[in-house]
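**Q**
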Amino acid sequence: MTNSEPDNGKSRDELLQRIELMETMIAAGRRSTTRCGWIFVLWGVVDIAGIAWEWSRPSYWIWPTVLTAGFLLFFLIRALKRESSSRCANIEGRTVNAIWSMMGLATTLYVAAGIYRHLAWQYSYIAAIFMLVGLAHAISAMVLRWRVQGMVAGLWWAGGIAMFFAHSDKEIFVIFPLEMFFGMILFGLYAMWLDNRSGLKGERA
Amino acid sequence: MTNSEIDNGSTRDDLVQRVALMETMIAEGRSTTTRFGWVFVMWGLVYFAAVGWVLFLPLAIWAWPVCVSAAIATSIIVGARRKRMHGGSENVRSRSIEAVWRMMGSAICLYVVGAILSHHAGDPAYVAAILFFIGLAHGTSALILRWGVQGVVAAIWWTGGIATFFFTSERESYGIFLGASFFGMILFGLYAMMLERRRAAGPLQSQVQRHA
Numbered sequence: 028m029t030n031s032e033p034d035n036g037k038s039r040d041e042l043l044q045r046i047e048l049m050e051t052m053i054a055a056g057r058r059s060t061t062r063c064g065w066i067f068v069l070w071g072v073v074d075i076a077g078i079a080w081e082w083s084r085p086s087y088w089i090w091p092t093v094l095t096a097g098f099l100l101f102f103l104i105r106a107l108k109r110e111s112s113s114r115c116a117n118i119e120g121r122t123v124n125a126i127w128s129m130m131g132l133a134t135t136l137y138v139a140a141g142i143y144r145h146l147a148w149q150y151s152y153i154a155a156i157f158m159l160v161g162l163a164h165a166i167s168a169m170v171l172r173w174r175v176q177g178m179v180a181g182l183w184w185a186g187g188i189a190m191f192f193a194h195s196d197k198e199i200f201v202i203f204p205l206e207m208f209f210g211m212i213l214f215g216l217y218a219m220w221l222d223n224r225s226g227l228k229g230e231r232a
Numbered sequence: 017m018t019n020s021e022i023d024n025g026s027t028r029d030d031l032v033q034r035v036a037l038m039e040t041m042i043a044e045g046r047s048t049t050t051r052f053g054w055v056f057v058m059w060g061l062v063y064f065a066a067v068g069w070v071l072f073l074p075l076a077i078w079a080w081p082v083c084v085s086a087a088i089a090t091s092i093i094v095g096a097r098r099k100r101m102h103g104g105s106e107n108v109r110s111r112s113i114e115a116v117w118r119m120m121g122s123a124i125c126l127y128v129v130g131a132i133l134s135h136h137a138g139d140p141a142y143v144a145a146i147l148f149f150i151g152l153a154h155g156t157s158a159l160i161l162r163w164g165v166q167g168v169v170a171a172i173w174w175t176g177g178i179a180t181f182f183f184t185s186e187r188e189s190y191g192i193f194l195g196a197s198f199f200g201m202i203l204f205g206l207y208a209m210m211l212e213r214r215r216a217a218g219p220l221q222s223q224v225q226r227h228a
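First to last, the protein sequences are chains A and B. Sequential numbering of the first sequence, starting at 28, is according to the working numbering. Sequential numbering of the second sequence, starting at 17, is according to the working numbering.
1. Measuring CA to CA, which of B:VAL94, B:ALA43, B:ILE202 is closest to ALA215 (chain B)?
2. Taking CB distances under 8 Å as the criterion, tell me whether TRP184 (chain A) reaches chain B.
3. Thinking just about the alpha-carbon of each residue, which of A:ARG58, A:GLU50, A:MET190, A:LEU43 is nearest to the one in GLY215 (chain A)?
4. Looking at the structure shown, is THR27 (chain B) part of a helix, part of a strand, or coil, going by DSSP?
5. When you compare the stretch 163 to 173 of chain A with the stretch 194 to 207 of chain A, are there three or more beta-carbon pairs, one atom per stretch, that lie closer than 8 Å?
6. Only counting the same chain, and skipping five residues up and downstream in sequence, which positions put a Cβ closer than 6 Å to that of TYR63 (chain B)?
7. When the distance is taken between beta carbons, is ILE150 (chain B) closer than 8 Å to ILE113 (chain B)?
8. Below 8 Å, can you find three or more Cβ-Cβ pairs linking the stretch 154 to 169 of chain A to the stretch 180 to 188 of chain A?
9. Distance cutoff 8 Å, beta carbons only. Does VAL119 (chain B) sit that close to anything in chain A?
10. So if I threshold CB-CB distances at 8 Å, which residues from the stretch 150 to 162 of chain B count as touching chain A?
11. Using the three-state DSSP reduction, which class does HIS194 (chain A) fall into: helix, strand or coil?
12. Would you please verify whether the beta carbon of PRO33 (chain A) is less than 8 Å from any beta carbon of chain B?
13. Can you give the beta carbon distance from ILE156 (chain A) to LEU126 (chain B), rounded, assuming they're within the 8 Å contact cut?
14. Tell whether a beta-carbon distance below 8 Å holds between GLY97 (chain A) and TRP127 (chain A).
15. Between B:PHE204, B:ALA158, B:VAL32, which has its C-alpha nearest MET129 (chain A)'s C-alpha?
16. For VAL170 (chain A), which residues in chain B fall below 8 Å Cβ to Cβ?
17. Using the Cα positions of ILE153 (chain A) and PRO91 (chain A), report the straight-line distance between them to the nearest angstrom.
18. Please state whether the Cβ-Cβ distance between TYR150 (chain A) and HIS136 (chain B) is less than 8 Å.
19. Assuming ASP222 (chain A) and THR51 (chain A) are in contact, meaning their beta carbons sit under 8 Å apart, how far apart are those beta carbons, in whole angstroms?
20. My understanding is that ALA133 (chain A) touches GLY141 (chain A), with C-beta atoms under 8 Å, so please give their C-beta distance in whole angstroms.
21. Rounded C-beta distance between GLY53 (chain B) and GLY205 (chain B)? I'm assuming under 8 Å.
22. By how many angstroms is the C-alpha of ILE46 (chain A) removed from the C-alpha of ARG84 (chain A)?
23. Can you find a C-beta in chain A that's less than 8 Å from the C-beta of SER134 (chain B)?
24. According to DSSP, simplified to helix, strand and coil, what is SER151 (chain A)?
25. Is LEU75 (chain B) helix, strand or coil by DSSP?
26. Can you tell me whether SER86 (chain A) is buried or exposed? The criterion is at least 16 other CB atoms within 10 Å of its CB, across all chains shown.
27. What is the rounded straight-line gap between the Cα of GLY64 (chain A) and the Cα of LEU213 (chain A)?
28. Confirm the yes/no value for this check: CB of MET207 (chain A), any heavy atom of the ligand COA, distance under 7 Å.
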């Protein structure tokens, strides 16, 4: 087949152009995730602080306080970085933004309802939170064809299933921080490193 | 500003073309969802059948495994046939929507299997989580496709999820779940099928009008 030969209504050049466009969009989508690496680190640290507090001095008010502080910090840092407009500059970026916005909303509603009704101690409750975060990672990984994020999704889901088989608070105090460290903080740092590297490359170019 | 005037590296025509391309992609993404309207209707009916079996028939322990396995098998077989007939995902949006539903299915399967094996399947948090998973898929799809109706469906599922934290008896949980299934699965599926039928009839009608 020559370059200009039409195949099913599309020439080879046209197909190559389309593939190139899709690759550019996927790369731009990944960039919009790496630019938000700090959010993963922030929530990982906030959640580990919450579980450490819970471990040392259990109280009903720990999670409402910690999560409110997390949201305040999140909005403050985002306002300082002024990145909301550039984050969704392309279709993939907007898709990734949609995935995380909805995950955030769903998790907030779920967590708030569970805390309000004093059902946050159930293993299936904590497992569901892990599965929700894993679901967002998995969708994003599939959209962006990003294996590392796919592994992070697998990690969250594995943590969710492990939570079902936990038999004591002690096990929760082990699984929860591990999940936050590997699935949030490490992934966030990796994303920030990628963002930094692409930023440096851009500057050099 | 004139049509050819350059503003920030792109002309007005460029911008109009970009907007048109995005609108086309959103429309194609929506039509991908409407083409699968039958899946929503089928799953809604499967939920009703499974709950009906649990409440009124013997061997209740087999209700969910049998109904869900049958539904998954039907989805795969019919989906594969339709894919062969109509082709796969056409654009970025369609692929994103496919990713949302596939991953939602995987997450629910893992969660349900984990809960059943560890005997946590009756917890209020468990029922709420399932409603939240389905709502999350609808919410994400709605935001990607800028589709208000699907956003309302997401809100129905999430409202059901919150309600299961407050009405925790088995009967109440089933009632909430069936209500969400009826409005968020069956009715939405029928609406999607109606849109798809209208879309399919569009070119035919214009052909008839042209001949007339």
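The C-beta atom is built at its ideal place from N, Cα and C for all residues, glycine as well.
**A** Taking the definition as stated:
1. Within the second sequence, the letter at position 199 stands for residue 215 (chain B). Note on residue identity: the sequence assigns Arg, not Ala, to residue 215 (chain B). Of B:VAL94, B:ALA43, B:ILE202, the residue nearest in Cα terms is B:ALA43.
2. Along the first sequence, read from residue 1 onward, the residue named residue 184 (chain A) stands at position 157. Yes, its Cβ sits closer than 8 Å to a Cβ of chain B.
3. In the first sequence, residue 215 (chain A) corresponds to position 188, counting from 1. With distances taken between CA atoms, GLY215 (chain A) lies nearest to A:ARG58 out of A:ARG58, A:GLU50, A:MET190, A:LEU43.
4. In the second sequence, the residue the question calls residue 27 (chain B) occupies position 11. In the three-state scheme derived from DSSP, where H, G and I count as helix and E and B as strand, THR27 (chain B) is classed as strand.
5. Between the stretch 163 to 173 of chain A and the stretch 194 to 207 of chain A, the count of C-beta pairs closer than 8 Å stays below three; the two stretches do not touch.
6. Taking the first residue of the second sequence as 1, we reach residue 63 (chain B) at position 47. The residues are SER197.
7. Position 97 of the second sequence, counted from the start, is the residue given in the question as residue 113 (chain B). Position 134 of the second sequence, counted from the start, is the residue given in the question as residue 150 (chain B). In this structure, ILE150 (chain B) does not lie closer than 8 Å to ILE113 (chain B) by Cβ.
8. Yes, they touch.
9. Residue 119 (chain B) sits at position 103 when you count from the first residue of the second sequence. Note on identity: in this sequence residue 119 (chain B) is Met, with Val being the wrong assignment. Yes, its Cβ sits closer than 8 Å to a Cβ of chain A.
10. When CB distances to chain A are screened at a threshold of 8 Å, the residues of the stretch 150 to 162 of chain B falling below it are GLY151, LEU152, GLY155, THR156, LEU159, ILE160, in chain order.
11. For this step, residue 194 (chain A) is matched to residue 167 along the first sequence. Here HIS194 (chain A) sits in coil by DSSP.
12. For this step, residue 33 (chain A) is matched to residue 6 along the first sequence. Confidence at PRO33 (chain A) is low in this model, with a pLDDT of 49, below 50, so its placement is unreliable and the value that follows should be read with caution. No - not a single Cβ of chain B is within 8 Å of the one on PRO33 (chain A).
13. For the purposes of this step, residue 156 (chain A) is taken as residue 129 along the first sequence, with counting starting at 1. For the purposes of this step, residue 126 (chain B) is taken as residue 110 along the second sequence, with counting starting at 1. Not quite, the Cβ-Cβ distance comes to about 14 Å (not below 8 Å), so this is no contact.
14. Position 70 of the first sequence, counted from the first residue, corresponds to residue 97 (chain A). Position 100 of the first sequence, counted from the first residue, corresponds to residue 127 (chain A). Not closer than 8 Å, so no.
15. Start at 1 with the first residue of the first sequence, and residue 129 (chain A) comes out as number 102. Between MET129 (chain A) and the set B:PHE204, B:ALA158, B:VAL32, the nearest pair of CA atoms involves B:ALA158.
16. The sequence position of residue 170 (chain A) within the first sequence is 143, counting from 1. Ordered by position in chain B, the residues that pass the 8 Å Cβ test against VAL170 (chain A) are ARG111, SER112, ALA115.
17. Start at 1 with the first residue of the first sequence, and residue 153 (chain A) comes out as number 126. Start at 1 with the first residue of the first sequence, and residue 91 (chain A) comes out as number 64. Each residue's alpha carbon lies about 15 Å from the other.
18. Numbered from 1 along the first sequence, position 123 holds the residue referred to as residue 150 (chain A). Numbered from 1 along the second sequence, position 120 holds the residue referred to as residue 136 (chain B). Yes. Within cutoff.
19. Locating residue 222 (chain A) in the first sequence gives position 195, where the first residue counts as 1. Locating residue 51 (chain A) in the first sequence gives position 24, where the first residue counts as 1. For a cut-off of 8 Å, the C-beta gap from ASP222 (chain A) to THR51 (chain A) is around 17 Å, too long to register as a contact.
20. The residue given as residue 133 (chain A) occupies position 106 in the first sequence. The residue given as residue 141 (chain A) occupies position 114 in the first sequence. 12 Å between Cβ atoms; not a contact.
21. For the purposes of this step, residue 53 (chain B) is taken as residue 37 along the second sequence, with counting starting at 1. For the purposes of this step, residue 205 (chain B) is taken as residue 189 along the second sequence, with counting starting at 1. So it is a contact: roughly 5 Å between Cβ atoms.
22. Sequence index remark: in the first sequence, residue 84 (chain A) carries index 57 (1-based). Sequence index remark: in the first sequence, residue 46 (chain A) carries index 19 (1-based). Distance between the alpha carbons of ARG84 (chain A) and ILE46 (chain A): 55 Å.
23. Position 118 of the second sequence, counted from the first residue, corresponds to residue 134 (chain B). At least one beta carbon of chain A lies nearer than 8 Å to the beta carbon of SER134 (chain B).
24. Against the first sequence, residue 151 (chain A) aligns to sequence position 124. Helix.
25. As a position in the second sequence, residue 75 (chain B) is number 59, starting the count at 1. LEU75 (chain B) falls in the coil class under three-state DSSP.
26. Here residue 86 (chain A) refers to the residue found at position 59 when the first sequence is read from its first residue. Flag for SER86 (chain A) reads exposed.
27. Within the first sequence, the letter at position 37 stands for residue 64 (chain A). Within the first sequence, the letter at position 186 stands for residue 213 (chain A). Straight-line Cα distance between these residues: approximately 10 Å.
28. Looking at this structure, you won't find the ligand COA or any other ligand, since it has none at all.
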